[in-house]
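*Asks:*
In our numbering, the protein residues as written are 1 to 103.
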């Protein structure tokens, strides 16, 4: 969900076309966002040996995931956890010194 929120923020604030990508491997799933072939993954450290944040071209680790979905990153306000998710995103943006007035 964090990746979807990040992509939605980047699209809304910067007018980008960031895509949300969800992949499956070994019975598990992982999501990240991509922009023009560049992966932006702020949760990659949940996997052993991965950095906390990965921003670069797809490496062999990402290509090893079977892509289940890919679409424009948009977060729908009807989600039942929307309010809590937005609060988390606000905290992340504050910590990064980024504007968040429209959230």
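All residues carry an ideal CB built from backbone N, CA and C; glycine is no exception. Because the structure is a prediction, the values reported are computed rather than measured.
1) Residue 38: which of 57, 24, 30 sits nearest, CA to CA?
2) So, with DSSP's three-state summary, where would you put residue 10?
3) How big is the Cα-Cα spacing for residue 67 and residue 28?
4) How would you call residue 31, buried or exposed, if buried means at least 16 neighbouring beta carbons within 10 angstroms?
5) What's the gap between the Cα of residue 76 and the Cα of residue 5?
6) Return the first residue and the last residue of the beta strand (DSSP E) that residue 61 is part of.
*Replies:* Quick answer:
1) 57
2) helix
3) 12 Å
4) buried
5) 9 Å
6) First-last for residue 61: 60-63, but that is the alpha helix (DSSP H), not the beta strand (DSSP E).
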